[in-house]
Ligand SMILES: NC(=O)c1ccc[n+]([C@@H]2O[C@H](COP(=O)([O-])OP(=O)(O)OC[C@H]3O[C@@H](n4cnc5c(N)ncnc54)[C@H](OP(=O)(O)O)[C@@H]3O)[C@@H](O)[C@H]2O)c1
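Residue numbers (the working numbering): 1432 to 1725.
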């Protein structure tokens, strides 16, 4: 299918008019320090202008250093970070934004996301907790410290609840999305509410790359499975955030604008049986979840 975007810096437009480069560079599990700094710098040198990090990844400081090392103007980079589950509630959220700004060495964020919703199983008053966190987001948005605000891992029931109190409607929902795990109903619901959907783990965290059927399909287009998966997201109007620590693979992951996936292959990709998923509800994670981010 044809898409509007023809290159790495073409954009999706958020509900408030802010534009966001159509392919982001992910940084989960990229070790803090020189590795993250160099990877972010290499990604920018490869043409990426959209960087995705999170407080919980523990690498915000090095992400900021990498951006500055690349020598590109701050306003030419779209920078996303995420609010962590330990910082829920209005006051803690306001402080969390300030902490991320300091870590990243910037005076504004382009996009700030609630990383995971509070959920009923663990937080009896989860609606109120999410609403209060969101109030903190709205304050920082209105003060101009964040250009756009959104969510991650919110299912329709979490969205419906937040919609009752949100004065500024969330502009993004970032969800795991790849062949074999698309969460397509949540993606479509988010889009219907006016949000841009983003794909985390668009390559299934590497897990989908060996699949035989995907390899055969990618070969037909003269593309890699990674490129097929990234294009699959774009053709679903979902903004992919692939991560690689390797300069060649970073560049290859951006070469997705010179082919189109045939309708029957889009259908096959969408209907693939469950290939596994790398995420989990954070509150069900092992106690050391913070050590590996999600
Ligand atoms: N909101 C959330 O809850 C959430 C959760 C998870 C992730 N995310 C975001 O989404 C981003 C992407 O997800 P992810 O990091 O889980 O995984 P991913 O992008 O799906 O896959 C990354 C893995 O694939 C490998 N890879 C990348 N390009 C490749 C290529 N062309 N050929 C072969 N292997 C390739 C990488 O290895 P190399 O590095 O060796 O290339 C790495 O092991 C994250 O970095 C993060 O920013 C958000």
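Glycine is no exception: its CB is placed at the ideal position from the N, C-alpha and C atoms. What you are looking at is a predicted structure, and each value in this text was computed from that prediction instead of being measured.
Burial state of residue i (16 or more Cβ within 10 Å)
i: residue 1556; result: exposed
i: residue 1501; result: buried
i: residue 1635; result: buried
i: residue 1725; result: Below a pLDDT of 50, predicted positions are generally treated as unreliable, and residue 1725, at 32, falls in that range; the measurement from the model is reported next regardless. It is buried - the Cβ of residue 1725 has at least 16 other Cβ atoms within 10 Å.
i: residue 1517; result: exposed
i: residue 1497; result: buried
i: residue 1575; result: exposed
i: residue 1480; result: buried
i: residue 1447; result: exposed
i: residue 1718; result: Any reading at residue 1718 must be qualified, since the residue scores a pLDDT of 41, below 50, and its modelled position is unreliable; no value is offered.
i: residue 1578; result: buried
i: residue 1452; result: buried
i: residue 1681; result: buried
i: residue 1437; result: exposed
i: residue 1742; result: Residue 1742 falls outside the range modelled here, since the chain spans only 1432 to 1725, and no answer is possible.
i: residue 1558; result: buried
i: residue 1594; result: exposed
Helix, strand or coil at residue i [DSSP, three-state]
i: residue 1589; result: helix
i: residue 1449; result: coil
i: residue 1723; result: Bear in mind that a pLDDT of 28 at residue 1723, under 50, signals an unreliable position, so the model cannot answer this.
i: residue 1373; result: Residue numbering for the chain in the displayed model covers 1432 to 1725; residue 1373 lies beyond these limits and cannot be assessed.
i: residue 1629; result: strand
i: residue 1509; result: strand
i: residue 1583; result: strand
i: residue 1545; result: strand
i: residue 1684; result: helix
i: residue 1677; result: coil
i: residue 1578; result: strand
i: residue 1659; result: helix
i: residue 1560; result: helix
i: residue 1528; result: helix
i: residue 1652; result: coil
i: residue 1604; result: strand
i: residue 1488; result: helix
i: residue 1535; result: helix
i: residue 1540; result: strand
i: residue 1568; result: helix
i: residue 1474; result: helix
i: residue 1642; result: coil
i: residue 1551; result: coil
i: residue 1691; result: coil
i: residue 1437; result: coil
i: residue 1697; result: helix
i: residue 1710; result: Any reading at residue 1710 must be qualified, since the residue scores a pLDDT of 48, below 50, and its modelled position is unreliable; no value is offered.
i: residue 1598; result: coil
Identity of the residues DSSP links to residue i by a beta bridge
i: residue 1733; result: Shown here, the chain extends from 1432 to 1725; a query on residue 1733 therefore has no answer.
i: residue 1483; result: 1457 and 1511
i: residue 1496; result: For residue 1496, which the question treats as bridged, DSSP gives no partner whatsoever.
i: residue 1521; result: Paired residue(s): none; residue 1521 is not in a bridge.
i: residue 1671; result: 1630
i: residue 1612; result: 1609
beta-carbon residue i near ligand 3 non-hydrogen atom, thresh 7 angstroms
i: residue 1696; result: Inclusion of ligand 3 in the displayed structure is not the case, the ligand content consisting of ligand 1 alone.
Report yes or no: do the stretch 1546 to 1555 and the stretch 1500 to 1507 share at least 3 C-beta pairs separated by less than 8 angstroms?
no
Determine contact between the stretch 1688 to 1696 and the stretch 1599 to 1614, defined as no fewer than three beta-carbon pairs at a distance below 8 angstroms.
no
Are the stretch 1610 to 1619 and the stretch 1564 to 1574 touching, with three or more C-beta to C-beta distances below 8 angstroms?
no
So does the stretch 1568 to 1586 actually touch the stretch 1543 to 1550, counting three or more Cβ pairs closer than 8 angstroms?
yes
Would you say the stretch 1453 to 1467 touches the stretch 1673 to 1684, given that touching needs at least three Cβ pairs under 8 angstroms?
yes
With contact counted as at least three CB pairs below 8 angstroms, one residue from each stretch, are the stretch 1615 to 1622 and the stretch 1644 to 1652 in contact?
no
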